[in-house]
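Numbering (the numbering used here), first residue to last: 1 to 121.
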């Protein structure tokens, strides 16, 4: 979960909306990774978030730590927001690839996973 705090300068009564915006912007994607799924022929990485629909700058300006930069040095803030957006876009593309990657599991890995599952029972 995205754990904001009062120091971020948001209205804490809107925390759920802010968390949703963090996900909608791609700043905080939601995913799961369970390596045991690979041993059952399933993909271990699952991307639960939808593709980002909110620009990072729009999300960032909701938080005082980013908004202060935008007010104090708008040109530099814009440059940094663009770099952050590019990073978010690149990460999202990578996550999509991970979610779609087929991979083979070695017999040693299957044996190790079975041993772990057996010890958890």
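Note that the Cβ used here is the ideal one computed from N, Cα and C, for glycine as well.
According to DSSP, residues forming a beta bridge with residue i
i	result
residue 45	33
Whole-number beta carbon distance between residue j and residue i, since they are thought to touch under 8 Å
i	j	result
residue 59	residue 22	6 Å
residue 99	residue 36	Between residue 36 and residue 99 the Cβ distance is about 17 Å, and since that is not below 8 Å, they are no contact.
residue 4	residue 15	7 Å
residue 85	residue 18	Not quite, the Cβ-Cβ distance comes to about 18 Å (not below 8 Å), so this is no contact.
residue 31	residue 95	6 Å
Where the alpha helix (DSSP H) through residue i begins and ends
i	result
residue 87	74-100
residue 15	15-24
residue 58	56-60
Q) Between the segment 13-27 and the segment 54-73, are three or more C-beta pairs nearer than 8 Å? A) A contact between stretches requires three or more CB pairs, one per stretch, nearer than 8 Å, and the segment 13-27 meets this requirement with the segment 54-73.
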